[in-house]
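Below you'll find the structure, written out as structure tokens, and then a few comments.
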Amino acid sequence: MDKYDKIVELGRRRGFFWPSSEIYGGVAGFLDFGPMGAMLKRNIERRWREVFIHRHHGLVYEIETPVIMPAKVFEASGHVENFTDVIVECMQCHKRFRADHLILEQIGDVQGIEGMTTEELDALILERGVRCSECQGQLSKISKFNLLFRTNIGPYSENVAYLRPEAAQGMFVNFKGIFNSMRERLPMGLAQIGKVARNEISPRQGPIRLREFTIMEVEFFFDPRSPECTIIDDVADVKLRLLTEEMVKSKALEPVQVSVSEALKEGYIKTEWLAYFMALSTKFISELGAPVESQMFIGKPPEERAHYSAQTFDQLVKLERWGWVEVSGHAYRTDYDLSRHMQYSGQDMSVFRKFDAPRKVKVFAAKPKVDAISADHGKNTGKVLSVIKGADVSMLRSKLSSGPVEIEGVLIKPEYVEFYEKEEAQTGERFIPHVAEPSFGADRLTYLALECAYSEREDRVVLRLPPSIAPVSVSVFPLVNRDGIREKAYCIYRDLKDAGLIAEFDDSGSIGRRYARADEIGCPLAITVDYESLQNDTVTIRHRDTWEQQRVPIGELKGFLKGFFSMR
RNA sequence: GCGGCCGUGGUCUAGUCCGGUCUAGGAUAGAAGCUUCCCAAGCUUCGGAUCCCGGGUUCAAAUCCCGGCGGCCGCACCA
Numbered sequence: 285m286d287k288y289d290k291i292v293e294l295g296r297r298r299g300f301f302w303p304s305s306e307i308y309g310g311v312a313g314f315l316d317f318g319p320m321g322a323m324l325k326r327n328i329e330r331r332w333r334e335v336f337i338h339r340h341h342g343l344v345y346e347i348e349t350p351v352i353m354p355a356k357v358f359e360a361s362g363h364v365e366n367f368t369d370v371i372v373e374c375m376q377c378h379k380r381f382r383a384d385h386l387i388l389e390q391i392g393d394v395q396g397i398e399g400m401t402t403e404e405l406d407a408l409i410l411e412r413g414v415r416c417s418e419c420q421g422q423l424s425k426i427s428k429f430n431l432l433f434r435t436n437i438g439p440y441s442e443n444v445a446y447l448r449p450e451a452a453q454g455m456f457v458n459f460k461g462i463f464n465s466m467r468e469r470l471p472m473g474l475a476q477i478g479k480v481a482r483n484e485i486s487p488r489q490g491p492i493r494l495r496e497f498t499i500m501e502v503e504f505f506f507d508p509r510s511p512e513c514t515i516i517d518d519v520a521d522v523k524l525r526l527l528t529e530e531m532v533k534s535k536a537l538e539p540v541q542v543s544v545s546e547a548l549k550e551g552y553i554k555t556e557w558l559a560y561f562m563a564l565s566t567k568f569i570s571e572l573g574a575p576v577e578s579q580m581f582i583g584k585p586p587e588e589r590a591h592y593s594a595q596t597f598d599q600l601v602k603l604e605r606w607g608w609v610e611v612s613g614h615a616y617r618t619d620y621d622l623s624r625h626m627q628y629s630g631q632d633m634s635v636f637r638k639f640d641a642p643r644k645v646k647v648f649a650a651k652p653k654v655d656a657i658s659a660d661h662g663k664n665t666g667k668v669l670s671v672i673k674g675a676d677v678s679m680l681r682s683k684l685s686s687g688p689v690e691i692e693g694v695l696i697k698p699e700y701v702e703f704y705e706k707e708e709a710q711t712g713e714r715f716i717p718h719v720a721e722p723s724f725g726a727d728r729l730t731y732l733a734l735e736c737a738y739s740e741r742e743d744r745v746v747l748r749l750p751p752s753i754a755p756v757s758v759s760v761f762p763l764v765n766r767d768g769i770r771e772k773a774y775c776i777y778r779d780l781k782d783a784g785l786i787a788e789f790d791d792s793g794s795i796g797r798r799y800a801r802a803d804e805i806g807c808p809l810a811i812t813v814d815y816e817s818l819q820n821d822t823v824t825i826r827h828r829d830t831w832e833q834q835r836v837p838i839g840e841l842k843g844f845l846k847g848f849f850s851m852r
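To convert a position in the first sequence, counted from 1, into the working numbering, add 284.
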């Protein structure tokens, strides 16, 4: 029985997590979190929120957008195209191919192949005799890999929508509006914690690979001309363990350990903001209990990167059963997403960059020749004039150079317009921001925290969760249930709850049993009220990790706890 | 998706090969009470399993057969 099995067992026994829809046989890739698990996960989310968002207020803002978005969004993002693979396998040599690619390759362009169902493609393969391009073997039926969950909005089946596979698109589509309302400042990060869904082909590994999970993402927008991270000094000395793309290529297994500033100087990481977030992530993952030695970042080669990424580092953590597992991804998405949304929606996603000093630029201007126009158009002259004024000058100029052109139903002749060069002062230019994206899976982190915290002592399970994320902060026990001790303990318990702590009260079984119960859910402190408490108003505080006890006056309890939890 | 192994109270497990003695045993966890009073002590009592689901064979199925679902391992997949 390895750690994974033990955690799965503990997870069920103590109400952390278990497979979803279990009474109907369960369904792979979905997980339910119980009372303890939900609290643990929320605490991890809360810590992430503090580290990545609140500590950067003024720079990073949290937003919330729907899980369901119209098909158009994911057409623009490239997910519809890149998330849907129709795959055939050669029955002879067992090589796999993208079915559509193979068809196009062998029989040329096929009308409407994009929208074809697998049955139609199967039929096409059969009719046209498409074969394995390697060995000419016969092909299997198509299997379809579409990781997007599809649904409809409203009663119309043609109104297709998808469940988001990442929270990012909600931030991209909102970028411009928020940029405006947040006073048009770059850099600016948008963050989101929320559910995403990916219809994985065959998810295994329990909480590690899910079809629906919580993602925690920042889309950090910056001007590619000023890509400097203004707060890089805060993390310049943080050590990163890196396995760069080149090292992966040369089959290196041991990561190099370099400081953030070295990693940037050596060009391992392409942009400072990405490096900044990688440093934050290292600290964050350490705080959850994973030692730095069992973390590393691995550079993804182009063929393994997402379609939108110019550089990706996966942050890996070593788990006992699953080996190196990705807990966060750090992608340099450049201007891919905003450009695509600009193209697909027709909305301007660009941002104005002011020059240090206005520049003089030579531009062409169009001057309509009213005489010539009115000679041809008479009363319609006004219409023609407005068409000319509305047209893009350089476009109009190049078109007219090869003869008359029709715009908005009006025939424009070259002699209608005179072009002349003029000097114009430009105060700036428009550009599309670039994006650095750190992205975390909260469910994996929850499992990670459990695995890191899991320990055994004298045949008992002790979850040594960091106090900052422990589901229950403090337990209160009466040593015995008589002589007013129980009442006193209960009073303290209620006081602590009033003070905003997650506290539990337990008066059943022996004191040792109660300590053991508290240890199993990772409660860091237990307060015991005993006979001495009746005499001098002190209690014992028992520490989960050392089992040591100390006496603290009841009056100082809240202060003690406040200090204890704030320093972790 | 392919192949192998597997699925019994909340948890772990005995029983499955060789059908009946299993109205399913044990341990642990849980609840109530007594007792003890600082690390899962003890005693009493209680609740909790249509033996993963569906079908079949049989006088009789936890046990044999088929299908499904789920889990683990290997291969494939993993924007």
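Even for Gly, the Cβ is constructed at its ideal location relative to N, Cα and C.
Check: I need the straight-line Cα distance from residue 683 to residue 651, nearest angstrom please.; Outcome: 16 Å
Check: Hey, residue 474 and residue 560 are a contact pair by Cβ (cut 8 Å); roughly how many whole angstroms apart?; Outcome: Contact doesn't hold; Cβ gap of about 16 Å is too wide.
Check: Residue 775: buried (16+ other C-beta within 10 angstroms of its C-beta) or exposed?; Outcome: exposed
Check: Identify whether residue 791 lies in helix, strand or coil by the three-state DSSP scheme.; Outcome: coil
Check: Tell me, please, whether the segment 421 to 435 touches the segment 329 to 346 by the rule of three or more beta-carbon pairs shorter than 8 Å.; Outcome: no
Check: Between the segment 524 to 535 and the segment 479 to 494, do three or more beta carbon pairs fall short of 8 Å?; Outcome: no
Check: With respect to the beta strand (DSSP E) encompassing residue 724, which residues constitute its N-terminal and C-terminal limits?; Outcome: 718 to 725
Check: How long is the line joining the alpha carbons of residue 850 and residue 546, rounded to whole angstroms?; Outcome: 32 Å
Check: When we look at the beta-carbon of residue 768 and count the other beta-carbons within 10 Å, is it buried (16 or more) or exposed?; Outcome: exposed
Check: Contact between the segment 548 to 564 and the segment 497 to 508 is defined here as three or more beta-carbon pairs at a separation below 8 Å; is this criterion met?; Outcome: yes
Check: With a threshold of 7 Å on Cβ separation, who are the neighbours of residue 837 within its own chain once the five nearest residues in sequence on each side are excluded?; Outcome: 821, 822
Check: Run through the segment 439 to 463 for me and flag every whole alpha helix (DSSP H) of 4 or more residues, listed as ranges in chain order.; Outcome: none
Check: Does DSSP classify residue 830 as helix, strand or coil?; Outcome: coil
Check: Measuring straight from C-alpha to C-alpha, what distance separates residue 618 and residue 833?; Outcome: 54 Å
Check: Within 10 angstroms of the Cβ of residue 591, are there 16 or more other Cβ atoms? Answer buried if so, exposed if not.; Outcome: exposed
Check: Locate the alpha helix (DSSP H) running through residue 570, then write down its first and last residues.; Outcome: 556 to 571
Check: Secondary structure at residue 336, three-state DSSP: helix, strand or coil?; Outcome: helix
Check: Run the CB neighbour count on residue 730, radius 10 Å, all protein chains shown included, and call it buried at 16 or more, exposed below.; Outcome: buried
Check: Roughly how many whole angstroms lie between the Cα atoms of residue 316 and residue 539?; Outcome: 36 Å
Check: How far does the alpha helix (DSSP H) with residue 659 in it extend, from its first residue to its last?; Outcome: 654 to 661
Check: Hey, could you find the ends of the beta strand (DSSP E) residue 470 is sitting in?; Outcome: Looking at the DSSP string, residue 470 is not in any beta strand (DSSP E), and its letter there is neither H nor E.
Check: How many whole angstroms separate the CB atoms of residue 755 and residue 848, which I take to be in contact at a CB cut-off of 8 Å?; Outcome: Actually they are not in contact, since the Cβ atoms of residue 755 and residue 848 sit about 16 Å apart, beyond 8 Å.
Check: Going by DSSP, what residues sit across from residue 506 in a beta bridge?; Outcome: 718
Check: Using the beta-carbon count (16 or more within 10 Å), is residue 737 buried or exposed?; Outcome: buried
Check: Leaving out five residues on either side along the sequence, give the residues of the same chain with a beta carbon under 8 Å from the beta carbon of residue 347.; Outcome: 454, 455, 458, 462, 474, 475, 476
Check: I'd like to confirm something about residue 719: is its beta-carbon nearer than 8 Å to some heavy atom of the ligand FAD, or not?; Outcome: Ligands displayed in this structure: none; no statement on the ligand FAD is therefore possible.
Check: What is the rounded straight-line gap between the Cα of residue 565 and the Cα of residue 725?; Outcome: 12 Å
Check: Between which residues of its own chain and residue 816 is the CB-CB distance below 7 Å, once the five residues before and five after are set aside?; Outcome: 822
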